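Scroll down for the structure; my scribbles are underneath it.
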Amino acid sequence: CRLTLIPMIQKVTAKTATKWDDYLLNDTVLNNACHLIPPILLSIFLPLILSEDSDIMCPPKATGSNAVIQKLIDKQTSGDYVLKYPKNGLTRSSIVMHDLDCDGDEDAIAFYSDKNGENIHALFALCVENNYTVIEDVTFESSAIDRIDFANLDSKGNDEIIIGYAEKTSSMSSFDVFSFDEKLKKHETSFRYTSLVTGDFNMDKSDDILLISLYSSDIEAKAQLLVYNNSSLAEIGSVALDSDITALAMT
C-alpha cells in the first residue's frame, strides 16, 4: 500500500490544479488509511473462511480403521455430529481400538455427540472378517467423557469396559461398566468419583476399581475400593480423606 498505492495517488493529486486534494490526501491521511485495509479485508473474507460450508477449518480426515468407524458414525447420524475425546486416563482418542470379544481382531468404541452437544454417545462396533458392524449405540446424559478404561474385573478372558462421564449438575463424574459375552451388556452403577484408577489392589488376580472423591457440597471426601462380583460392583472398603485436599496426582 505504502510503496504502490500512496505514490500513485500523490502523483495524481500533484497534477491537479486544486489544492484541497493535497491537504485531504497528504502523507499522514494516506498512511492511516493503509492501516484500515487489513481489517476491512478480514471482515469481508473471514466469515467466508469460517462458514459451516467451508472445509478449511475441518479436522484432518481419519485414515485406516478410524476412517471406517467414522463412516459408521456418519451413517448413524447422517453426518451431523462432533467427535468427543476423553479428558482423563491413558486413552484420550475419540475412536478407541480394543479387542472386545477376544477373537484377535481389534474392535472399536467411538465417542461423539450431536451438534447441540447435549448428550454423549458411545458407538460399539465389532470387527468380523475385516468388516465392522455396529452392535450398540449407548447414550450418556452428559456433555463430556471423563475417561475410558479396560480392566479384567471378573478374572475371565474378556476385559470389562469402564466409561466415566461428567455429571451435568456437579463437578463429579459417574461411570458405567460394559462387558461382552456374545452381546454387549451394560451394568449401570450409582458410584461417583473425582478420580478413578483400576488395578489388582487386593491381590486376587482380578482388577479392582479405586475411586477418589474430593470434598464438595454434596459429598464427603473419601476413597473407595470396589470389586466385581456376579456382574455387579460392590464396595469392600472406604476411608475418609482430608476435606482440605483440592487435587490429586495419579502416578
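So for the sequence shown, my numbering puts the first residue at 93; every next one is plus one.
Just so you know, even glycine gets a beta-carbon here, dropped at the ideal spot from N, CA and C.
In this text the structure is predicted, and so the values were computed from the model without any measurement.
query                                                                                                       : result
Alpha helix (DSSP H) segment containing F311, residue limits                                                : The identity of residue 311 in the sequence shown is Ile, whereas the question assumes Phe. Per DSSP, I311 belongs to no alpha helix (DSSP H) and is neither H nor E.
Pairwise C-alpha distance: L306 and H190                                                                    : 31 Å
Pair within 8 Å by beta-carbon distance, I227 and I240                                                      : no
N321 (DSSP reduced to helix, strand or coil)                                                                : strand
Which of helix, strand or coil DSSP assigns to D166                                                         : helix
Spatial distance of K207 from S282 (CA atoms)                                                               : 28 Å
F216 beta carbon less than 8 Å from that of I237                                                            : no
Which of helix, strand or coil DSSP assigns to A339                                                         : coil
L276: first and last residue of the uninterrupted beta strand (DSSP E) it sits in                           : K275 to Y285
Enclosing beta strand (DSSP E) for Y177 [first to last residue]                                             : Segment: none, Y177 is in no beta strand (DSSP E) and carries neither H nor E.
Alpha-carbon spacing of I187 relative to D251, whole angstroms                                              : 17 Å
Start-end ranges of the beta strand (DSSP E) lying completely within the region 169–249, minimum 3 residues : 187–190, 199–205, 212–220, 223–232 and 237–243
Anticipated Cβ contact below 8 Å, H213 with Y204, distance rounded                                          : 5 Å
Nearest-angstrom Cα separation, counted from L175 out to N211                                               : 12 Å
Cβ shell of S323 (< 8 Å), same chain only, five flanking positions each side left out                       : D246, S271, K277 and H279
For P130 and K260, the rounded distance between their alpha carbons                                         : 42 Å
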